[in-house]
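Taken in order, these protein sequences are the chains called A and B.
Per UniProt numbering, the very first residue in the first sequence carries number 1; after that it's consecutive.
Per UniProt numbering, the very first residue in the second sequence carries number 1; after that it's consecutive.
Note that CB positions come from ideal geometry on N, CA and C, so glycine has one too.
Remember, it's a predicted structure, so these values are computed and weren't measured experimentally.
See structure below.
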Amino acid sequence: MRRSIRRGTRVIALLAAGALTVGLAACSGGDDGDSTSLADAGVDGVDDGSTLTLWTRAPLEKQAKLLVEAYNDSHENQVELTVVPNDDYVAKVGAAAGSNGLPDLFAADIVYVPNWVQQGLFQDITANIDGFDFKDEINQGHLSAGTLDGKEHVLPFVLDLSMLFWNKDLATEAGLDAESGPANLEEYAEWAKAIQALNKPDTYGTATGLNCGGCLVFTWFPSIWADGDEVLSDDGTESLLAGDTAKAVYDTWRDLWESGAVLPSSKDEAGPTWTAGFTEGKVGLMFYPATLLSSTPFDVGVAGIPGPGGGGSTFVGGDGIGVSKDSTKAAQAWNFLSWMMSEDAQVGVLAKDNDVVSRSDLADNEYSQKDPRLITINEVAGNGDTPVAINFQQAFNAPNSPWLTLVRNAVLEGTDTVDADNDEITAVLQQ
Amino acid sequence: MSTLSQPAALRQRRRGRRATGALAGWLYALPTALFVLGLFLIPLALVVQMSASDWPLLGGNQGWNLPQNYSDAVSNRFFWDSVGFTLKYTVLTTVILLALSLGLALLVQESTRWKGLLRTSFLVPSALGLASASLLFYVLYSPIAGPFAGLMKSWGFTFLGTPEGALWSTIFLIVWRYAGFYMLLMLVGLQGIPDDVYEAARIDGASRWQTFRTITLPLLRPTLALTTVLCVTGSLLAFEQFYILTKGGPDNSTITIVQLIYNVAFQGQNDLGIAGALSVIVLLALIVINVAQIRAFNRKAED
């Protein structure tokens, strides 16, 4: 009997070993492409019919699909695109990074890129980028966000700029000069109040996302830059959001909020619908993502975001993209990136769809010439900025970020706590 | 010799049967044991290991980090607020749900004409997943797309726009979703009380209130204990409804302890070590609360 028990134990052990082997084989995954290193890939990479995987977050789905479809139609390699809901993206990338399961290529919100590069999630593509004869024309904000110790890790995937948009019909109805737009933040507030004064049902002067840290970063930082001020120290560890210009911005919005010219749901707008009111024609003017120009169904004016003293700037947002640390097809993945920077992709796909190009030498192209607003957007892109900080997400974008506390205190509550709240942002940046 | 060897052979046979029985027992238990091991014990061990390690979401395990994770967890600026909010939500939800579900159970027990219709209509919301129900209410509460949007505008009211509004709007969803389910449990408990006890009370001339207080409530105690433990545990672990409806807002006023764990792990701080420490703290607190609840009900039963 003892022998039979031992035999039973052996059977269980064998089964367990078998299961483990199968599990390990499954974990290691199939590798249907030859593994060629990035160093051997040159400037064009390898196009040998490999299947590549690419992850992006939902807000860039339209542009990502267009790029992937165009690449798949013209190349042997085939890219499989996975679009992940915005709120789940960090968790999904984190889980995959921990289990060495990242896709070959993945895009990241440009404000997270410095942190993710520091964590080693992207491969070094400096030598490949150096091979481009148009390297200096690539958007420098995105390139520098992905640069660590002089090594480059990402290229701009899709640029998303924040711009001042105004509804020309509503502006004309309110007796405003619909062709020129407001020149500074004070005029912006006057415009919003004038459109509010039309008393049209369900129509408001302006809107924003007062419970959405990312929306506020995207649309309010440019007002500070437009006046020549900074929002962060050079090393990204100190918040400068309690300066005079910043306070003037909060005061203007406080005044706007109290006057009732701001769409009321802006107070609790956490991000998913923050542009909906304008797109439906129910909001007079607002700071708005340039990527939505093509899907805005009425006549709009477009300009850079002004500061209290005028000027115009933009937040150069969007996503950077790189080859993941786990990719075994880096040379093939580089082929996609290399094509993505070509004129075929930048003009033939992005500009054709009214999106912003990532190369300044292609800003004036056959499509932008048809619509002067696109030239404005492309020009402002060159004057914009992308803040770089390792703890950017925690300090600004997270649902409970100290930046949200600062804005809500200053604008909704009217409390005099900007300096203390700014110190809290610095404390988080320095963690 | 032969007289001595017979009992020895018998003993050996019995031992053999016992061994076969033991092996069979192990084999029967094996699937469940593997299930528990894979889905409960290994993840639990992993969380405990995380809670003791420096483990950023994107960087993997960086080595031991005790007791720093636990002190960081407790000193998180939202920790005590989230504990306070979770307890407040738990007390409100439990009291309202238990009172309402008992009332509904008494109603459908006594009503004869509409019994079937009432029971079904109260129970239907329980068939909907909590995430689906939360999304449904998210739209209902929406100041833009919701059916009450016009009314809300004219009254200057928002369901999720103020801390109190967000709390009560979420409680309303939970009561709508769970009252029918707890009613069913209460109904089973009520039907387990023998009719002759009520008959005796009626003969003794007891009023309805006296019958309810001295017969129904004491005999319903095991059911009440079960529903209270379920309701308290569920409320202490509340997440989906807040994640979908409020995301912890407005002004960080509705961050439950599990929402805090999620935020620390995946929204901003991205620190699995501190999130693990928070999880272990919640687990220990749950064990203490559940043991205390069960002991309290048992003591009352003994009294």
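Just tell me which of the options has its CA closest to the CA of residue i.
i                      : options                    : result
residue 335 of chain A : A:83, A:65, A:101, A:125   : A:125
residue 236 of chain A : A:287, A:59, A:393         : A:393
residue 310 of chain A : A:183, A:388, A:301, A:343 : A:183
residue 190 of chain B : B:106, B:51, B:77          : B:106
residue 191 of chain A : A:247, A:250, A:256, A:219 : A:256
residue 253 of chain B : B:56, B:197, B:83          : B:83
residue 112 of chain A : A:431, A:417, A:387        : A:387
residue 399 of chain A : B:296, B:278, B:288, B:270 : B:270
residue 298 of chain A : A:308, A:285, A:304        : A:285
residue 77 of chain B  : A:175, A:162, A:401        : A:401
residue 218 of chain A : A:332, A:173, A:314        : A:314
residue 135 of chain B : B:122, B:155, B:104, B:169 : B:169
residue 415 of chain A : A:226, A:250, A:70         : A:250
residue 318 of chain A : A:295, A:409, A:56, A:147  : A:56
residue 308 of chain A : A:197, A:189, A:169, A:215 : A:189
residue 90 of chain B  : B:142, B:109, B:255        : B:255
Could you give the DSSP three-state label for residue i: helix, strand or coil?
i                      : result
residue 221 of chain A : helix
residue 122 of chain A : strand
residue 430 of chain A : coil
residue 354 of chain A : coil
residue 261 of chain A : coil
residue 20 of chain B  : helix
residue 172 of chain A : helix
residue 341 of chain A : coil
residue 288 of chain A : strand
residue 79 of chain B  : helix
residue 3 of chain B   : Annotation note: pLDDT 48 at residue 3 of chain B (below 50); position unreliable, coordinate value reported separately. Correct three-state label for residue 3 of chain B: helix.
residue 251 of chain A : helix
residue 133 of chain A : coil
residue 9 of chain B   : helix
Which term fits residue i, buried or exposed, when burial requires 16 or more other beta carbons within 10 angstroms of its beta carbon?
i                      : result
residue 259 of chain B : buried
residue 13 of chain B  : exposed
residue 243 of chain B : buried
residue 391 of chain A : buried
residue 28 of chain B  : exposed
residue 203 of chain B : exposed
residue 149 of chain A : exposed
residue 52 of chain B  : buried
residue 33 of chain B  : exposed
residue 116 of chain A : buried
residue 21 of chain B  : exposed
residue 220 of chain A : buried
residue 269 of chain A : buried
residue 15 of chain B  : exposed
residue 40 of chain B  : exposed
residue 172 of chain A : exposed
residue 101 of chain B : buried
residue 68 of chain A  : buried
residue 100 of chain A : exposed
residue 421 of chain A : buried
Mind pulling the chain B residues with CB within less than 7 Å of residue i?
i                      : result
residue 121 of chain A : 58
residue 401 of chain A : 268
Residues of chain A with a CB under 8 Å from the CB of residue i: which are they?
i                      : result
residue 251 of chain B : 405, 408
residue 158 of chain B : 264, 265, 267, 268
residue 255 of chain B : 400
List, in chain order, every chain A residue whose beta-carbon is nearer than 7 Å to that of residue i.
i                      : result
residue 248 of chain B : 399, 400
Which chain B residues sit within Cβ distance under 8 Å of residue i?
i                      : result
residue 276 of chain A : 144
residue 91 of chain A  : 57, 265, 266
residue 273 of chain A : 144
residue 55 of chain A  : Neighbours of residue 55 of chain A on chain B: none; closest Cβ ~14 Å, over 8 Å.
Using the beta-carbon of each residue, which ones in chain A are nearer than 9 Å to residue i?
i                      : result
residue 263 of chain B : 398, 399, 400
residue 78 of chain B  : 400
residue 161 of chain B : 264, 265, 267, 268
Any Cβ of chain D within less than 8 Å of the Cβ of residue i?
i                      : result
residue 297 of chain B : Structure shown: chain D not included; protein chains present are A and B.
So which residues on chain B does residue i lean against when the C-beta distance must stay under 9 Å?
i                      : result
residue 394 of chain A : 267, 268, 269, 270
residue 211 of chain A : 247, 249, 250, 251
message = Please give the ranges of any alpha helix (DSSP H) in the segment 98 to 165 of chain B, keeping only runs that are unbroken, at least 4 residues long and fully inside the region.
response = With a minimum length of 4 residues, the continuous alpha helix (DSSP H) runs that stay inside the segment 98 to 165 of chain B are 115 to 123, 130 to 141, 149 to 155.
request  = Any chance you could list the alpha helix (DSSP H) runs of at least 4 consecutive residues sitting entirely within the segment 197 to 245 of chain A, in chain order?
outcome  = List check, alpha helix (DSSP H) in window: 213 to 226.
ask   = Quick one: complete alpha helix (DSSP H) runs, 4+ long, within the segment 243 to 300 of chain B?
value = As far as the segment 243 to 300 of chain B is concerned, its whole alpha helix (DSSP H) runs of at least 4 residues are 257 to 266.
inquiry  = Threshold first: 3 residues or longer. Then list the beta strand (DSSP E) segments lying entirely within the segment 46 to 109 of chain A, N to C.
reply    = Whole beta strand (DSSP E) segments, 3+ residues: 51 to 57, 78 to 84, 105 to 109.
query = Of all the alpha helix (DSSP H) runs that stay within the bounds of the segment 191 to 223 of chain B, which reach a length of 4 or more residues?
reply = The qualifying runs are 195 to 203, 208 to 211.
query = Along the chain, which unbroken stretches of the beta strand (DSSP E) at least 3 residues long are found entirely within the segment 384 to 419 of chain A?
reply = Within the segment 384 to 419 of chain A, no complete beta strand (DSSP E) run reaches 3 residues.
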